[in-house]
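*Asks:*
In the working numbering, the protein residues as written are 40 to 96.
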């Protein structure tokens, strides 16, 4: 199951955002809700767009 990562917009660290079974399906769903909120390990809360997700698998 691929893990999608994000780069924090505040401090720049890369952190785990979400596990997905199907990356293409996730991206299609994310298009319906383009501003998903995530919190990095340092507590910074930011909204992210679909293109912000990084697939390192």
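Ideal placement from N, C-alpha and C gives every residue a C-beta, glycine not left out.
Since this is a predicted model, take the numbers as computed values, not measurements.
I need the straight-line Cα distance from residue 64 to residue 76, nearest angstrom please.
*Replies:* Roughly 19 Å between the two C-alpha positions.
*Asks:* Out of curiosity, what's the CA-to-CA distance linking residue 95 and residue 82?
*Replies:* Their Cα atoms are separated by approximately 23 Å.
*Asks:* Return helix, strand or coil for residue 85, following the three-state DSSP convention.
*Replies:* Here residue 85 sits in strand by DSSP.
*Asks:* Our contact map puts residue 44 next to residue 56 with C-beta atoms below 8 Å; I'd like the distance itself, whole angstroms only.
*Replies:* Contact holds; Cβ gap of about 6 Å.
*Asks:* Ordered along the chain, which non-local residues of its own chain (more than five positions away) have a Cβ less than 6 Å from that of residue 42?
*Replies:* Cβ within range, chain order: 55 and 58.
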